[in-house]
Ligand code: FES
Ligand SMILES: [Fe+2]
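Residue numbers (our numbering): 133 to 470.
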């Protein structure tokens, strides 16, 4: 294990909770990017994420803060703050303090997840968080899939970029995931903050087959470093979301979600079909834990000893990643790689 040499304060969308974890009126404490934060939901249902400390005398709103309709009320002196972090009421004064603001983060809620936009310079979002259905523009929706299955691993010593680098790392599939043959990448598009990686892969058969005969694969969309969504084809229909969010200077939380497709036609035994889907979903989750096992113990290699065939993919992804490090040191580390 080693402290990641990349910045733990990258720019982008990052998951901080699942939607179901914050119901209307609820206040939840969290720590991300080395800051104490709270997540809460207004009475009308909007999710809000902001820094935890009241700008008055510094009470932690996660200990006794109360949601009152569309605002949160501090437990110390009753000052009320809206979802933008603006003070809207001092109960013992005729007007609020318009100057002070609690830092509040842009929120996107989709795929049963709450994402925040993090940028140390507080620039507004300049790309969208990927959606595991809509981003593939194939008319799919959650209705076509069984309920989301999830995995949560807390405070692991790893960096979001490790997870993304899997997207160019063709050789690991055979060794970590025990695929019979090494997959082949058919698309690497790192031109924008949202990048695309497609590959042909099979989990079936033995090592005598040729990759040219394989009729299955995965398409991945990476929305910055924090969230990656995938869609499979030619195998059991599945979609996944992996989301890695820095907690402090050493660790990150990892969330993984998988959806398994429902049968397209009527089946004789729906309960059996669902049980089989669940079994397959568990297998997808298990494969992801194999990756986590490597990531959480690895040391980021910079510059890495790359094989000739790995050079192009790793160079492209590491160069792409530098744009998300506005604070320099991490970006410089990434930029040093060949
Ligand atoms: S510290 Fe929050 S109202 Fe005084
Ligand atoms: Fe992997």
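We put the CB at the ideal spot given by N, CA and C, even for glycine.
Being a predicted model, the structure only gives us computed values, none of them experimental.
Where do the ends of the alpha helix (DSSP H) carrying residue i lie?
i           : result
residue 293 : 292–297
residue 307 : 304–308
residue 143 : Taken as a continuous stretch (DSSP letters only), residue 143 belongs to no alpha helix (DSSP H), as it is neither H nor E.
residue 156 : Counting along the chain, residue 156 falls outside any alpha helix (DSSP H), and DSSP gives it neither H nor E.
residue 413 : 402–427
residue 349 : Taken as a continuous stretch (DSSP letters only), residue 349 belongs to no alpha helix (DSSP H), being part of the beta strand (DSSP E) at 349–355.
residue 265 : First-last for residue 265: undefined, no H or E at that position.
residue 452 : 443–453
In terms of residue numbering, what span does the beta strand (DSSP E) encompassing residue i cover?
i           : result
residue 388 : 384–392
residue 249 : 245–250
residue 317 : 316–321
residue 431 : Residue 431 -> no beta strand (DSSP E), and no H or E assigned at all.
residue 200 : 198–200
residue 240 : 239–242
residue 204 : 203–205
At a cut-off of 6 Å, is residue i close to ligand 1 when judged by its beta-carbon and the heavy atoms of the ligand?
i           : result
residue 398 : no
residue 302 : no
From the DSSP output, read off the bridge partner residues of residue i.
i           : result
residue 334 : Paired residue(s): none; residue 334 is not in a bridge.
residue 283 : 388
residue 183 : 169
residue 359 : 355 and 375
residue 277 : 393
residue 164 : 167
residue 288 : 384
residue 218 : 233
residue 192 : 185
residue 149 : 246
residue 368 : DSSP output for residue 368 lists no bridge partner at all.
residue 212 : 205 and 221
residue 329 : 320 and 352
Legend entry - Any residue whose CB is nearer than 5 Å to a heavy atom belonging to ligand 2, listed in chain order: 298 and 423
Legend entry - Touch test, the region 200–208 against the region 284–300, Cβ-Cβ under 8 Å, three pairs minimum: no
Inset, instruction - Could you tell me whether the region 233–249 touches the region 149–159, using the rule of 3 or more Cβ pairs below 8 Å? - result: yes
Inset, instruction - Mind listing which residues have their beta carbon within less than 7 Å of any non-hydrogen atom of ligand 1? Chain order is fine. - result: 186, 188, 189, 190, 191, 206, 208, 209, 210 and 211
Inset, instruction - Could you tell me whether the region 379–395 touches the region 307–320, using the rule of 3 or more Cβ pairs below 8 Å? - result: no
Legend entry - Meets three-Cβ-pair contact criterion under 8 Å: the region 253–268 and the region 399–414: no
Inset, instruction - Could you say if the region 318–332 and the region 177–195 meet the contact criterion of at least three C-beta pairs nearer than 8 Å? - result: no
Legend entry - contact_flag[the region 273–291, the region 374–392] where n(CB pairs < 8 Å) is 3 or more: yes
Inset, instruction - Could you tell me whether the region 351–359 touches the region 335–342, where touching means 3 or more Cβ pairs closer than 8 Å? - result: no
Inset, instruction - Would you check if the region 361–381 and the region 263–274 touch, i.e. whether three or more CB-CB distances between them fall below 8 Å? - result: yes
Inset, instruction - Count the CB pairs spanning the region 449–461 and the region 248–258 that are closer than 8 Å, and state whether there are at least three. - result: yes
Inset, instruction - Tell me, please, whether the region 317–325 touches the region 416–428 by the rule of three or more beta-carbon pairs shorter than 8 Å. - result: no
Inset, instruction - Mind the definition here: the region 160–168 touches the region 181–200 only if three or more C-beta pairs lie below 8 Å; say whether that holds. - result: yes
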